[in-house]
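To keep things clear, I will list the structure first and then write my remarks on it.
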Amino acid sequence: MMDRWLEFFADKKMIAAVFFTIMIGLGGVLLYLEQKVTSQTLERLSDQLSLALNNQLDKERSSALRYALILSQNSSLSDALEQEDEDKGFEILSEVMESIKLHTDALIRSQIITSDYVIFARSWDNSYAGMPLDFHRPDLLYFQTHRKPRAAIEVGRKLGVKATVPVYHQDNMLGFVEVVSFFESTQEYFDRLGIDLYILMDERFYETAVFMQEDPAIGKEYILANPKYTQADLKLLNGIDFKTLKIARVIFSGGRYLFYEPMTNGEGETIGAFVFSLSPKQISTYAHSDEEDISLLIHLSRNELYDVMLKKSLDKGLFQSVYDKELLYLKDTVAPEDREIYLEEARERLSSYSKEELIGIMLDYKVNKEIKGEIR
0 MMDRWLEFFA DKKMIAAVFF TIMIGLGGVL LYLEQKVTSQ TLERLSDQLS LALNNQLDKE
60 RSSALRYALI LSQNSSLSDA LEQEDEDKGF EILSEVMESI KLHTDALIRS QIITSDYVIF
120 ARSWDNSYAG MPLDFHRPDL LYFQTHRKPR AAIEVGRKLG VKATVPVYHQ DNMLGFVEVV
180 SFFESTQEYF DRLGIDLYIL MDERFYETAV FMQEDPAIGK EYILANPKYT QADLKLLNGI
240 DFKTLKIARV IFSGGRYLFY EPMTNGEGET IGAFVFSLSP KQISTYAHSD EEDISLLIHL
300 SRNELYDVML KKSLDKGLFQ SVYDKELLYL KDTVAPEDRE IYLEEARERL SSYSKEELIG
360 IMLDYKVNKE IKGEIR
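Structure representation (structure tokens):
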């Protein structure tokens, strides 16, 4: 009788041991699968945040360049620059900016720079007229060998998006028209979505960016460019191992998931970083959605989706440069008195295209106009 009870308990222990072993193995498999899914989810989300960021930055660059191109066609402004009449230049610039603000509610910062890199007029603060920029704006050296405008993130006295258009009288360069923005629209976009976006400038530009020397230092690597921040933000940022973040692109630190995106200038040089911060709850919502798509986290409007598609269609080799593409957009906005100047510039730019390329551009433009009407 005793032997039977011993066998019974021995069997129970064996069964329990086997069951326990199976449960441990199953738990290990589930943990591995969960970690694998989480890793894949974070990688996918990182890619999509990068796409959303670059889409917003493209809009900011494109908008700044469009305004700069329009300003560069203002003959009165060019005359004031040629005559070195700073007061007249400031008056014209202010009037144009006020008109834009009145009719579009958009705050545009524009400035005129002479050919020897001196501030000629500045719409938002003309007290710096006559101040040299050469030390602070090495990116302007680009125009010593190029005539085409460009828009890029650049370090000046302050980090920002700068759209620069050279102004010529015949073959003589008079100076530059420039529109500047400081990531306001990009920052506001992610703020509305509840996603923290930190804009970080490389610390090596400390001496150049004199208007940012009072901004918080993040370790020994960056300077925070965000105009608004809290002590919690600084604590989070200063706790980041940026060496690891740059390699991994996403890490968990300070109770947040942090995503890294390099910031580059017009020459493709890395000059800083964009860092996204999301809570575990936001990640969980995304990970457990039926379809892991950025639209569940970032609700792109139909207009924004259309803009992405439009940009892709216009970038498929149809245009030789961004300037040529923007020139097409200006067709219906040029003032009557500047029409002849615009047409002369358009003829000069389009003469380098083949007949087939011009037909492709016009067909694409017409198709896009039709799609725009259907979607909106």
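Residue numbers for the sequence shown follow numbering that gives the first Met the number 0, beginning at 0 and rising by one. Note that the Cβ used here is the ideal one computed from N, Cα and C, for glycine as well. None of the values given here were measured: they were computed from a predicted structure.
Spatial distance of residue i from residue j (CA atoms)
i      : j      : result
Asp124 : Glu90  : 12 Å
Gly159 : Ser62  : 14 Å
Thr343 : Ser350 : According to the sequence as given, residue 343 is Glu; it is not Thr. If you take the alpha carbons of Glu343 and Ser350, they lie about 11 Å apart.
Asp139 : Arg146 : According to the sequence shown, residue 139 is Leu rather than Asp. Distance between the alpha carbons of Leu139 and Arg146 is about 11 Å.
Ala150 : Ile111 : 15 Å
Phe189 : Ala51  : 9 Å
His135 : Val117 : 11 Å
Ala120 : Met130 : 10 Å
Met262 : Ala272 : 5 Å
Tyr167 : Leu236 : 45 Å
Ile194 : Lys245 : 20 Å
Ser98  : Tyr127 : 23 Å
Arg203 : Glu220 : 8 Å
Asp170 : Thr144 : 13 Å
Ser71  : Phe210 : 27 Å
Gln82  : Met172 : 13 Å
Lys157 : Ile250 : 29 Å
Ile222 : Phe241 : 13 Å
Ala224 : Leu76  : 32 Å
Gly24  : Glu42  : Residue placement at Gly24 is poorly supported in this model, since its pLDDT is 48, which falls under 50; the coordinates are not used for a value here.
Ser114 : Gly253 : 49 Å
Lys280 : Tyr141 : 46 Å
Met206 : Pro137 : Here residue 206 turns out to be Glu, not Met, going by the sequence shown. So the alpha carbons of these two residues sit roughly 13 Å apart.
Asn53  : Leu68  : 22 Å
Glu339 : Glu347 : 12 Å
Pro148 : Lys161 : 11 Å
Contact with chain C by residue i, beta-carbon distance below 8 Å
i     : result
Glu42 : Given the protein chain composition of this structure (a single chain), no chain C is represented.
Contact belief for residue i with residue j at Cβ below 8 Å, rounded distance in angstroms
i      : j      : result
Val164 : Phe175 : 7 Å
Phe275 : Leu196 : 6 Å
Tyr66  : Val179 : About 10 Å; that fails the 8 Å criterion.
Tyr259 : Ile282 : That belief does not hold up - the Cβ atoms of Tyr259 and Ile282 are roughly 16 Å apart, past 8 Å.
Thr37  : Tyr285 : Not a contact, Cβ separation roughly 11 Å.
Ser74  : Leu92  : 14 Å between Cβ atoms; not a contact.
Thr185 : Gln55  : 4 Å
Glu153 : Gly238 : Contact doesn't hold; Cβ gap of about 29 Å is too wide.
According to DSSP, residues forming a beta bridge with residue i
i      : result
Val154 : Leu158
Ala67  : Answer by DSSP bridge pairing: none, since Ala67 is not bridged.
Ile216 : Reading off the sequence, residue 216 comes out as Ala, not Ile. In DSSP, Ala216 forms a bridge with Ile222.
Ile99  : Beta-bridge pairing links Ile99 to no other residue.
Thr284 : In DSSP, Thr284 forms no bridge with anything.
Thr113 : Gly174
Ala120 : Ile111
Arg43  : The partner list for Arg43 (beta bridge, DSSP) is empty, contrary to what the question assumes.
Three-state class that DSSP yields for residue i in the structure shown
i      : result
Leu106 : coil
Phe89  : helix
Ala272 : strand
Leu277 : strand
Ala128 : coil
Leu304 : Reliability fails at Leu304, whose pLDDT of 47 lies under 50, so the model's placement of it is uncertain and no value is given.
Thr144 : coil
Tyr167 : strand
Arg348 : helix
Arg136 : coil
Asp289 : Note that Asp289 scores a pLDDT of 49, beneath 50, so its modelled location is shaky; the value from the coordinates is reported in the next line. Asp289 falls in the coil class under three-state DSSP.
Ser62  : helix
Legend entry - Ranges of the beta strand (DSSP E) found wholly within the stretch 220 to 268, counting only runs of at least 3: With a minimum length of 3 residues, the continuous beta strand (DSSP E) runs that stay inside the stretch 220 to 268 are 221 to 223, 249 to 252 and 255 to 263.
Legend entry - Segments of 3+ residues assigned as beta strand (DSSP E) that fall wholly inside the stretch 169 to 214: 171 to 180 and 195 to 201
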